[in-house]
Amino acid sequence: MIARRMRIGLKSRKTALAVTVVLGFFILVTVLAPWIAPHDPIQVNLAHKLQPPSWEHPLGTDHLGRDTLSRLLYGARYSLGFASLIFLSALGIGLLIGTVAGYKGGIVDSVLMRFCEGVMAFPSLVLVLGLVGIFGPGLAQVVLAMVMVQWVYYARMFRGMVLDLKERNFITAAKISGSSTWKIIRRHIIPNVLPPIVVMGTLEIGWAIMDIAAMSFLGLGIQPPMPEWGAMIHEGKGYIRSHPELMLYPGLMILLVVVTFNILGEALADRYGVNGAFERGRIHDGKTAQRIAGK
Amino acid sequence: MGSYIGRRLLAVLPIFLFATFLTFLLIHLSPVDPAEAYLAASHIQPTEELIAQKRQEFGLDQPLLVQYAQALMKMCRLDFGTSYISNQPVWDEVMLRMPATIQLAFSSLLLAVIVSVPLGFLSALYKNGVIDQISRLLAFFGASIPQFWLGYLLIYFFAVKLDLLPVQGKGTLANLVLPSLTLAMGLIAVYSRLLRTSVLEQLREPYVLYARTRGLKEKLIMGKHVLKIAFSPMLTGLGMNMGKLLAGTIIVEEVFSWPGFGRYFIEAIFNRDIPVIQCYVLLSACLFILCNLIVDLLQMYLNPRISWKGRTES
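So, in structure tokens, the structure goes:
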């Protein structure tokens, strides 16, 4: 069904099908990892280290004898799971604050938006790293830091949309008919601003995956032995001469997922009139949001 | 024009103040007491007395705003405190590593411009042609490929397999090739597409038609008129991409063991060397603000019509 609905946006049925299949596959893997993985992803077995592919280990084993395929499958859980968590949290906070700021206006709006602009004055990844430096390395801290930085972009975007909506007749009508502010926001504003955000979100999840992986690669995010793709590249880099596949596979996974999300996001953006997100946007650290939220 | 520059500079001031305040606040949000961190880093057994003494020395017993004012004054004098680890002034340590990062950033920026200008221009002229297809593919993967992974791929092919280029280290031109290429890839992806879109937009403008009817040579129209104006969005992109470039240097320096500021920053994160972290975050914000200001001014100089139109709207 998804394939059918997206057909109009995507250049051809084939692309739509490919995107759906790949994405469906990854979501399935994320959910089913414990059942389909042939081995325990963190079970160390030094007797079987750095083995070539075999029936027992279809993609071989890593330097600690852990099954590479199982680690890749579990990796989808961490990468997609945490990227979605960050995206949804940032979106939620941004939605709340952006809507309130846009709808209330006045001093609340000014203060909140000045704060957002201040945060946007920093390159976002640098600010995330700075926060992680202050909180200390670790997965929870990385997630927290990323949410703290990301919500600002969504808040700006929501605010812009709410400002636009506020002047519409149906909002005035709701006001006249005596609806409370909260009810107007909940019943009329939020349903109207949400769909375009979902479109943007598809693009942003791809970026969140990449950022999480970058953090783990730097050794700040997901710590070994947890099988996250970025962390796997971090672990595999020492074996680049003898076993390049250890860093090749996880990178390919990241590339595949990010490309899929980008294609999907671009297609959805085309369809919903948020045009050229890929060609013209992504200027600021991949924050399409900012371009749209812009002045 | 003078008043415009003045206004822009004034507009930067509150952002700058906010940025300094935010970085200042970071330290106070931190669960780590700077005095304790300092003592721990210097391998001194922290006692109540020593901590109290250090707190006084750092001015931590003063009200928050007083502390901020003091910190701001110090920052203006380029005094960012001393590193907890090396006990050297942070600014000296930064200056030691900054040239390497700047060299890396500039060479990749240069590479990105050299590649993406002809690529973007040609793919606009021969829309949907072979070059356009190649550049589209390149842009797509360039934007989706994780930088650190690309770095290792390049190391694998050019250093391990072909044994053409050195893996790490700094000094010769050959050392610079792989890191710059890694860093430039993402920029090429954005710039080439940006230029393509903007050239295509320009080609639809009436002045191109007019120039053609006047019988001007196609080369002249493209080189002198279209390309000059089409540069404008690319320039904006350049300014806004500074953040990406900066974040990129951190990762690329880590991959290629490049002895720059970014790698120092990561080390500082692991060591909880807070003055260094603060300095990096603040400097990057300043750089980001400054670059965007310069880009805006440059753009106004190159193309007064467009930039003024944009200003009056906002």
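Protein sequence lines, in the order shown, are assigned to chains V and R.
Position 18 of the first sequence, counting from 1, maps to 17 under numbering that gives the first Met the number 0, and the rest follow consecutively.
Position 82 of the second sequence, counting from 1, maps to 81 under numbering that gives the first Met the number 0, and the rest follow consecutively.
From the three backbone atoms N, C-alpha and C, an ideal C-beta is built for every residue, glycine too.
- Annotation for LEU172 of chain R: the continuous alpha helix (DSSP H) segment containing it runs 172-202.
- Counting other Cβ atoms within 10 Å of its Cβ, VAL146 of chain V reaches 16 or more and is therefore classed as buried.
- Beyond the five residues adjoining it in sequence on each side, SER107 of chain R comes within less than 6 Å, by CB distance, of SER179, LEU182 and ALA183 in the same chain, given in chain order.
- Residues of the stretch 74-95 of chain V whose Cβ lies closer than 7 Å to any Cβ of chain R: none.
- Boundaries of the alpha helix (DSSP H) harbouring ALA229 of chain R: 226-239, taken from the DSSP string.
- Here the C-alpha atom of ILE144 of chain R lies approximately 25 Å from the C-alpha atom of LYS126 of chain R.
- Relative to the Cα of GLY238 of chain R, the nearest Cα in the group R:ILE84, R:LEU202 and R:LEU296 belongs to R:LEU296.
- Rounded to the nearest angstrom, the Cβ distance from ALA230 of chain V to ILE221 of chain V is 5 Å, consistent with a contact under 8 Å.
- Within the stretch 254-268 of chain V, contact with chain R at the beta-carbon level (separation under 7 Å) is assigned to LEU254, VAL257, VAL258 and ASN261.
- Chain R has no Cβ within less than 8 Å of the Cβ of ARG158 of chain V.
- A contact between stretches requires three or more CB pairs, one per stretch, nearer than 8 Å, and the stretch 186-193 of chain R meets this requirement with the stretch 101-121 of chain R.
- Going by DSSP, ILE265 of chain R is part of the alpha helix (DSSP H) stretching over 260-270.
- Considering only beta carbons, the part of the stretch 134-147 of chain R lying closer than 9 Å to chain V consists of ALA138, PHE139, PHE140, ALA142, SER143, ILE144, PRO145, GLN146 and PHE147, in chain order.
- In the three-state DSSP reduction, PRO88 of chain R falls in the strand class (E or B).
- In the structure shown, THR46 of chain R falls within a coil segment according to DSSP collapsed to helix, strand and coil.
- Distance between ARG195 of chain R and VAL116 of chain R, taken at the CA atoms: about 9 Å.
- Here the alpha carbons of CYS290 of chain R and PRO122 of chain V stand approximately 12 Å from one another.
- Under the 10 Å beta carbon count, ASN240 of chain R is surrounded by 16 or more other beta carbons and is classified as buried.
- The C-beta separation of ILE133 of chain V from LEU215 of chain R comes to about 59 Å, leaving the pair out of contact by the 8 Å criterion.
- A direct Cα-to-Cα measurement between GLN69 of chain R and ALA18 of chain R gives close to 15 Å.
- Among the CB atoms of chain V, none fall inside 8 Å of the CB of PHE57 of chain R.
- In this chain, the alpha helix (DSSP H) harbouring ASP295 of chain R covers 273-301.
- Residue pairing by DSSP places THR60 of chain V opposite V:ASP66 in a beta bridge.
- Given a length threshold of 3 residues, the stretch 170-232 of chain V has no whole run of the beta strand (DSSP E) inside it.
- The beta carbons of LEU164 of chain V and ASN191 of chain V sit closer together than 8 Å.
- Exclusion of the five residues before and after LEU130 of chain V leaves GLN140, LEU143, ALA144, MET147 and VAL148 as the residues of its chain whose Cβ lies within less than 8 Å of its Cβ.
- Residues of the stretch 203-218 of chain V with a C-beta less than 8 Å from any C-beta of chain R: GLY205, MET209, ALA212, ALA213, PHE216, LEU217 and GLY218, listed in chain order.
- Closest option to ARG167 of chain V, judged by alpha-carbon separation, among V:HIS187, V:TRP150 and V:THR201: V:HIS187.
- Ranking R:TRP90, R:LEU21, R:PHE15 and R:PHE157 by CA distance to the CA of PHE260 of chain R puts R:TRP90 first.
- LEU267 of chain V and MET112 of chain V have their C-alpha atoms some 28 Å from each other.
- Near chain R, meaning a CB-to-CB distance below 9 Å, the residues of the stretch 230-244 of chain V are ILE232, HIS233, GLY235, LYS236, ILE239, ARG240 and PRO243.
- Rounded to the nearest angstrom, the gap between the Cα atoms of LEU45 of chain V and GLN52 of chain R is 51 Å.
- Where THR212 of chain R is concerned, the enclosing alpha helix (DSSP H) starts and stops at 205-212.
- PRO13 of chain R and GLU116 of chain V have their C-alpha atoms roughly 10 Å apart.
- Neighbours of GLY128 of chain R across chain V, judged by C-beta separation under 7 Å, do not exist; the nearest C-beta is about 17 Å away.
- Short of 7 Å from the beta carbon of LEU164 of chain R, and not among the five residues preceding or following it, lie these beta carbons of its own chain, in chain order: PHE157, ALA158, ALA173, VAL176 and LEU177.
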